[in-house]
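Step one of this worksheet: look at the structure below.
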């Protein structure tokens, strides 16, 4: 067996080497000897490392030579670490971590400076319910790239915080978070953030029903006062911010809404959202009643929510809303009267709701049903037009399932999420089977694969283990690229060297360019849980190498009039308010000695006046929990009260030059009375 | 006309000769005018550049010199130069940068004037423009030496980088840097202008020498030719 492998590998290697060198060197027979030498060397490596033929091809398919770049970038959510991870595809090299909801000392995010402003913007303000709550983490499930005409435009990235009901805006010019918006009417979300095809609205759907506005009511009033909601955040590309004044929510029944997605092309202007507790179960397991996992799944079907966005916008603009916690919410009765909201049954405990590239089909997976259910947007529209629909307990019209469903495809156990390629195939993760199912679309997609039976399972590829979401390059857009697929696996069990009881996730890169899916590589992720990811061609991104001008404020994305500028450095005292204007450049601070008095209110402006890419500096001040990262051109401001006397050094945390250690200074804080602090 | 002025200005071109031998008399005019034009155009072009390569600067750091300013990675090079104690680049050649444009325009005007001077004085008028490329490179070399030899003895890298004279053209090595100094389009135009001037003057001499000789002989005979 081993012998056979070795032979196969040898033959294969000969082919590979011949193919790679053959083209260029036919004239130079002298070089042939060298290449034969390389072949022997490579064969030795393969033998030593006991690689199988498949391994050699995998290595060649994913290897990116030193100094070369990956053609694709993947933006991956970090789950409980509250951040976004950026990978190169196909090498799976981790390129960046963008801090979003959680302080990050590497990026100086949340230790003074602009990061604090963004983080504090996402806090829960004080209200009649109680004091303000400072939030320093997020559960980042879904990141979504901004789209123009249904394809990623590489300008913005959005993310949700499931734990606290927040969304964030990231600017892809500097890969930095600019805004965190706390939902004023809800404490959690899940169907977020998903964009409409031109990023006009960002969708945020709540998850665990509660009284809107976060107020108290007894759980026994669940049916009456507990509600779900979906917020439509208006995104303004000019300001790069969510415009909360143009945003609104729609009230939803307390069905525990789940993932949501915007329609596109034919289904543009319609939003689809799952739910998984239409049973409205809210029993108490300590009271002898079943737990949620049993109670919530006690019905055979849950409801897919179908929302007509432009009708909702019309109602909002006509003022047909109530204000809850100051935020406009369109009530259920208006949604029913104005034809905004419809329901249709879906097999119970669904998770993914995904729209095919042509916008025609909506694919829903009930986790407990081996089929994916394919809804036809045309059929949904016909059923709505025909009218005469039954209603649920809240009066919301229900489209009968059989009137809306086009096909059911048996794919396997525990289907979750679906993505699409450009050849008319869909890929669905199977959580229980621990596999990816490839299946053929029918109907409008049949012309893409005339020789394949529509609505049919093509292949199941085992993955290791328990896949959640998956992602294909542009796999949720109108123009997917069927080259790579990432299976975002929850468990890794035996795939990596054991590193203790907290296991890494396993991100598996899969080649989908051929007829059969092929596993290419495993990548452990030991710093978060990637729920969802999106892959974009690297050439669609145009990030800055350094901030465009010296004195750049990353929050306003313009030169800050308060920035410390070269030639104007110094320390200005005004009563007990001290303003420090500091510039930094390799390898010194100006000024290097900052003397203040105990109790002074210090505003410290610092500008990195470098114009050279990569010339990032830090400003870390001992004992004061201040740690800024200041990139080339960037201006930052940190406020603190010099309440502890003593001599504190500050220094550059980034190894910026050969004289990096000398890049330091003193913050000398003179005691208010001579008795304190002096020894 | 005053005889001395006449000797300086040289003979005028007889109309019949102009008609019979148009090329002989027009070509030097054209060449000298073109040379003046090239000098003026060169004001807008870079004259010289030095590119410094090091492991951490794979694309190199290029500083470009115009006659009156520097461009390119000046800030970055200044940051690096502080380690070896070299003065900021922009402090070099203050007078040259201030007067360069006026002087070059003047040189070009002198060349244009030489078109009308059909005597050896034409060469004297053109001499600044002829020598200009050499003067430029000489002056640049002077400043390079001034910068390289006058390093701050208290600079951080005073132990490993000793005073040195960078080459005005060619390859040099300092620390981990390899530097490549090359002429740029402006200097090429200036050199081209020199060649055009020399050719033009030679053609002009060939065209007017017989006339001038005759004029001189006539003057000797006291005949106002």
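Chains as they are written, first to last, in the numbering used here: chain Y, 1 to 679; chain Z, 1 to 225.
C-beta atoms are modelled at their ideal positions from N, C-alpha and C, and glycine is treated no differently.
Check whether the Cβ atoms of residue i and residue j lie closer than 8 angstroms to each other.
i	j	result
residue 702(Y)	residue 167(Y)	Because residue 702(Y) is not part of the residues shown, which for chain Y are 1 to 679, the question remains open.
residue 509(Y)	residue 62(Y)	yes
residue 682(Y)	residue 280(Y)	Any question about residue 682(Y) goes unanswered here, given that chain Y covers just 1 to 679.
residue 741(Y)	residue 451(Y)	Because chain Y is modelled from 1 through 679, residue 741(Y) falls outside the range shown and cannot be assessed.
residue 273(Y)	residue 308(Y)	no
residue 189(Z)	residue 42(Z)	yes
residue 91(Z)	residue 110(Z)	no
residue 404(Y)	residue 344(Y)	yes
residue 98(Y)	residue 176(Y)	yes
residue 108(Z)	residue 39(Z)	yes
residue 632(Y)	residue 605(Y)	no
residue 248(Y)	residue 202(Y)	no
residue 79(Y)	residue 141(Y)	yes
residue 195(Y)	residue 147(Y)	yes
residue 768(Y)	residue 207(Y)	Examination of residue 768(Y) is not possible in this model, given that chain Y is present from 1 through 679 alone.
residue 360(Y)	residue 443(Y)	yes
residue 86(Z)	residue 147(Z)	yes
residue 302(Y)	residue 367(Y)	no
residue 439(Y)	residue 465(Y)	no
Run through DSSP, which three-state label would residue i get?
i	result
residue 658(Y)	coil
residue 511(Y)	strand
residue 200(Y)	coil
residue 201(Z)	helix
residue 177(Y)	strand
residue 159(Z)	coil
residue 2(Y)	Confidence in residue 2(Y) is poor, its pLDDT being 49 and thus under 50, which makes the residue's placement unreliable; the coordinate value appears in the next sentence. Residue 2(Y) falls in the helix class under three-state DSSP.
residue 381(Y)	helix
residue 79(Z)	helix
residue 104(Z)	helix
residue 304(Y)	strand
residue 425(Y)	strand
residue 143(Z)	helix
residue 135(Y)	coil
residue 161(Y)	strand
Closest Cβ-Cβ distance between residue i and chain Z: below 8 angstroms?
i	result
residue 612(Y)	yes
residue 661(Y)	no
residue 685(Y)	Residue numbering for chain Y in the displayed model covers 1 to 679; residue 685(Y) lies beyond these limits and cannot be assessed.
Say whether chain Y places a C-beta atom closer than 8 angstroms to the C-beta of residue i.
i	result
residue 196(Z)	no
residue 183(Z)	no
residue 153(Z)	no
residue 22(Z)	no
residue 156(Z)	yes
Can you find the residues in the same chain that come closer than 6 angstroms, C-beta to C-beta, to residue i, ignoring five residues on each side of it along the sequence?
i	result
residue 618(Y)	629, 652, 653 and 654
residue 603(Y)	579 and 639
residue 518(Y)	511
residue 657(Y)	586 and 587
residue 363(Y)	354, 372, 374 and 418
residue 332(Y)	251 and 394
residue 523(Y)	92 and 507
residue 577(Y)	601
residue 137(Z)	168
residue 2(Y)	In this prediction, residue 2(Y) scores a pLDDT of 49, lower than 50, which makes its location untrustworthy; the coordinate-derived value is nonetheless stated afterwards. If we look at residue 2(Y) and ignore the five residues flanking it on each side, it has no Cβ neighbours.
Starting from the C-beta of residue i, find all residues in its chain whose C-beta is less than 7 angstroms away, skip the five residues before and the five after it, and write them out in chain order.
i	result
residue 520(Y)	58, 61, 62, 90, 509, 510 and 511
residue 24(Y)	In this prediction, residue 24(Y) has a pLDDT of 44, which is less than 50 and means its spatial position is unreliable; what the coordinates show is noted afterwards. So the list is empty, once near-sequence residues are dropped.
Are the C-beta of residue i and some C-beta of chain B separated by less than 8 angstroms?
i	result
residue 163(Z)	Considering every chain present, this structure includes no chain B. Its protein chains are Y and Z.
Only counting the same chain, and skipping five residues up and downstream in sequence, which positions put a Cβ closer than 8 angstroms to that of residue i?
i	result
residue 647(Y)	666, 667, 668 and 669
residue 379(Y)	403, 404, 405 and 406
residue 132(Z)	39, 104, 107, 190, 193 and 194
The stretch 72–99 of chain Z: positions lying closer than 9 angstroms to chain Y by Cβ: 73, 75, 76, 79, 80, 82 and 83
Members of the stretch 46–73 of chain Z that neighbour chain Y once the beta carbon cut-off is set at 7 angstroms: Within the stretch 46–73 of chain Z, no residue places its CB atom closer than 7 angstroms to a CB of chain Y.
Positions along the stretch 578–590 of chain Y whose CB lies within less than 8 angstroms of some CB in chain Z: 585 and 586
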